[in-house]
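Residue numbers (my numbering): 150 to 553. One structure is given below, encoded as structure tokens.
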Amino acid sequence: MRYRGPILKLFGLIGSLSSACFIPAYASEVRPTLPLFEHAYEPHDLDERGLWQKWDEYEKEFARSPAVYHAPDLVNYVKGVLCETVGFDRCGATRIYIVRDTNFNASMAPNGIMSVNTGLLLRVKNEAELASVLGHEFAHFEQRHSLNSFKKRRRGSDLVSWMTIVAGAAAAAGGSGAYQHHRDYRTSIYGEVYLYERDQERESDILSAQYLVISPYSSGAGAHVWLRLLDEDAEQARERKRSRRRQWTGWADSHPSSFERADYLSRLAEEANDEGVYKASEYMEAIRSYMPEFFDDQLQRNDFSATKFLLEQIAQDGWTPDLLFLQGELYRKRGNPRDLVTAATAYLNAIEAGYENPNAWRGLGLSQMRSGAQAEGKQTLKTYIRMAPDAPDASMITLLIGEE
């Protein structure tokens with residue numbers, strides 16, 4: 150990880166000032182104590198019942214949404230990782246939905262809905278890293294953060310509304326500074342709401358780290374995720390000629406910065422000094438059949454450098470036939486002249502390594518034809534048609550190669 154050293158140096162002082170107040174220290178021989186778990190939690194007051202009802206209605210529509218990725222075995226696998234993380238007694242109330250979205254994100258609703266983006270599944274490298282994110286979202290659920298944030302925002306909104314009325318009355322009565330005071334108070338109230346939400350995020354990070362210490366997984370995985378996201382952002386920033394994400398948490402941010410999170414999660418893992426597993430091979434096997442589709446969605450973002458970095462990170466433990474195929478897809482879809490040669494080589498390597506999906510011959514044939522090797526490309530595409538006569542693009546490919 151190229152930022153591991155700089156991260157800890159950069160935040161050595163800042164972290165000690167900003168994080169010491171909320172990061173508990175626990176030695177390796179002291180096991181964290183999790184919050185008391187309430188089985189079959191039911192909403193208590195009017196606010197909770199209203200919020201639960203809203204989310205229950207939303208879930209009915211959401212479950213039928215085309216954005217939901219319907220893969221029962223993948224859902225069951227992710228649910229299993231969650232249960233290993235937080236405990237099988239705690240995870241039963243959750244319903245997991247895989248969402249087809251290239252962004253690194255997951256979320257948890259107060260009624261037990263957990264959504265996990267395909268972009269997140271593409272970016273974590275092992276079960277332990279996935280567990281750190283799932284544990285974070287479950288911590289929001291367990292601490293009822295959604296409800297508390299709703300109440301906090303509503304109180305702030307109500308107060309701002311009353312202050313607007315008061316400021317208007319004062320101005321009408323000749324108070325020249327009424328609106329300036331109103332703006333100052335409004336800024337202060339909104340800042341308090343943002344701070345409150347950032348504190349909730351930190352609390353969930355800390356509770357997730359505690360889940361990991363007690364679980365079979367390594368608590369060190371939490372920082373790894375954020376460090377790698379920083380590297381990916383740096384690659385995207387370089388290609389798009391923009392500034393990288395700032396290194397500090399802003400006043401109006403609802404989440405701590407990635408730098409800050411990497412720092413305090415690293416220190417938590419160091420203090421815990423726990424021994425845990427990562428399960429990289431098990432994770433890659435679980436998502437292997439879904440990788441081409443997840444990766445194809447990622448390619449639509451036109452972030453070549455960031456996507457190349459992402460693929461190389463996945464392949465750090467070795468270029469499997471599946472990953473060689475994805476390398477071919479990456480270069481073919483950018484499509485520069487030299488890229489097409491690189492793509493063809495990657496497809497050939499995948500085929501020679503035992504990749505049997507007909508799409509490897511499709512990609513190879515298209516790369517050959519676009520690079521000028523027309524005859525060779527047509528022969529390769531004929532092989533593709535023989536292997537997949539019912540492919541959705543079979544008629545188009547047949548027309549392309551001039552076959553009846």
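Glycine included, every Cβ here is placed at the ideal spot set by N, Cα and C. As the structure is a computational prediction, the values presented were derived from the model and not from experiment.
Checklist entry - DSSP three-state call for A176: helix, strand or coil? => result Low confidence applies to A176: its pLDDT is 39, below 50, so where it sits in the model is not reliable, and the reading given next is rough at best. DSSP, reduced to helix, strand and coil, places A176 outside both helices and strands of the structure shown, so it counts as coil.
Checklist entry - Of all the options A280, I550, N225, which has the alpha carbon lying nearest to the alpha carbon of E525? => result Closest by alpha carbon: I550.
Next on the checklist: If contacts are defined as beta-carbon pairs under 8 Å, then L475 and A502 qualify, I think. What distance do you get, rounded to the angstrom?
Outcome noted: Contact flag wrong, Cβ pair sits at about 13 Å.
Item to check | Reference H405; option with closest CA among A421, E419, E431, W375 | outcome: A quick correction: the sequence has Pro, not His, at residue 405. Nearest to P405 by C-alpha distance, out of A421, E419, E431, W375, is W375.
Checklist entry - Helix or strand or just coil, what does DSSP make of Y427? => result Residue state, collapsed to three classes: coil.
Item to check | As assigned by DSSP and simplified to three states, the class of Y432 | outcome: In this structure, Y432 counts as helix in the three-state DSSP scheme.
Next on the checklist: Quick check: is the beta carbon of Q476 nearer than 9 Å to any beta carbon in chain C?
Outcome noted: Looking for chain C here will not work: only one protein chain is present.
Checklist entry - Does the Cβ-Cβ distance between A556 and G477 come in under 9 Å? => result Only positions 150 to 553 of the chain appear in the structure, and residue 556 is not among them; the question remains open.
Checklist entry - Mind checking whether R244 and G261 have CB atoms under 9 Å apart? => result Result yes, Cβ atoms of R244 and G261 sit closer than 9 Å.
Checklist entry - What are the start and end residues of each continuous alpha helix (DSSP H) run of 4 or more residues lying completely inside the region 458-521, in chain order? => result The DSSP assignment places 470-483, 486-501, 508-519 as complete runs of the alpha helix (DSSP H) inside the region 458-521, in order along the chain (cut-off: 4 residues).
Next on the checklist: Taking the alpha-carbon of L270 as reference, which of L460, Y480, M545 has the nearest alpha-carbon?
Outcome noted: The shortest CA-to-CA distance from L270 to any of L460, Y480, M545 is the one to L460.
Checklist entry - Using 8 Å as the threshold, is the region 361-374 in touch with the region 413-428, meaning 3 or more CB pairs across them? => result Touching, per the Cβ criterion.
Checklist entry - Y207 bridges to which residues according to DSSP? => result None, per the DSSP bridge assignment.
Item to check | Cutoff 8 Å; reference E250; Cβ partners in own chain excluding five residues on either side | outcome: According to the sequence shown, residue 250 is Asp rather than Glu. Cβ-Cβ distances below 8 Å link D250 to A216, N266, T267, G268 in the same chain, with the five nearest sequence neighbours on each side left out; the list follows chain order.
Checklist entry - Does DSSP classify A540 as helix, strand or coil? => result In this structure, A540 counts as coil in the three-state DSSP scheme.
Item to check | Segment limits, beta strand (DSSP E) that includes A255 | outcome: That run of the beta strand (DSSP E) goes 255-257.
Next on the checklist: Measuring straight from C-alpha to C-alpha, what distance separates D542 and R213?
Outcome noted: Their Cα atoms are separated by approximately 28 Å.
Checklist entry - Of the choices R481, L223, G241, whose alpha-carbon is the least far from that of Y432? => result The candidate whose alpha carbon is nearest that of Y432 is L223.
Checklist entry - Where does N266 fall in DSSP's three states? => result In the three-state DSSP reduction, N266 falls in the strand class (E or B).
Checklist entry - Near A386, which residues of its chain fall below 6 Å by C-beta distance, leaving aside the five closest residues on each side in sequence? => result Once the five neighbours on either side are set aside, the close Cβ partners of A386 are R393.
Next on the checklist: Using CA atoms only, rank isn't needed, just tell me which of K482, R410, S516 is closest to H285.
Outcome noted: Closest by alpha carbon: R410.
Next on the checklist: Under DSSP, the beta strand (DSSP E) around V230 begins and ends at which residues?
Outcome noted: From DSSP, V230 is part of no beta strand (DSSP E) but of the alpha helix (DSSP H) over 221-235.
Item to check | Alpha-carbon to alpha-carbon, V230 and L279 | outcome: In this model, L279 and V230 are separated by some 8 Å (Cα to Cα).
Checklist entry - In its own chain, which residues sit with a C-beta less than 6 Å from the C-beta of M545, not counting the 5 before and 5 after it? => result Hits under 6 Å: none found.
Checklist entry - Of all the options L448, Q462, E206, which has the alpha carbon lying nearest to the alpha carbon of Y480? => result Per the Cα distances, L448.
Item to check | Option nearest K274 by Cα separation, candidates R535, S264, M440, R351 | outcome: Cα-wise, what sits closest to K274 is M440.
Item to check | For Y533, the three-state DSSP class (helix, strand or coil) | outcome: The answer is helix: DSSP assigns Y533 an H, G or I state.
Checklist entry - Where do the ends of the alpha helix (DSSP H) carrying Y439 lie? => result Unbroken run through Y439: none, as it is neither H nor E.
Checklist entry - Helix or strand or just coil, what does DSSP make of R416? => result In this structure, DSSP gives R416 a helical state, which the three-state scheme calls helix.
Next on the checklist: With distance defined between alpha-carbon atoms, name the residue in A493, A509, S281 nearest to M518.
Outcome noted: The alpha carbon of M518 has as its nearest neighbour, out of A493, A509, S281, the alpha carbon of A493.
Next on the checklist: Please tell me whether S454 and L489 are closer than 9 Å, where the distance is taken between their beta carbons.
Outcome noted: In this structure, S454 lies away from L489, with their beta-carbon atoms at least 9 Å apart.
Next on the checklist: Using only CA atoms, which one of W510, Y226, L361, F408 lies nearest to I436?
Outcome noted: Selected option, being the one with the closest Cα: Y226.
Item to check | Residue from S438, K482, C240, Q465 whose Cα sits closest to the Cα of N451 | outcome: Of the listed residues, the one whose Cα sits closest to N451 is K482.
Checklist entry - Just checking my contact of W204 with A242 at CB under 8 Å: how many whole Å lie between their CB atoms? => result So it is not a contact: roughly 13 Å between Cβ atoms.
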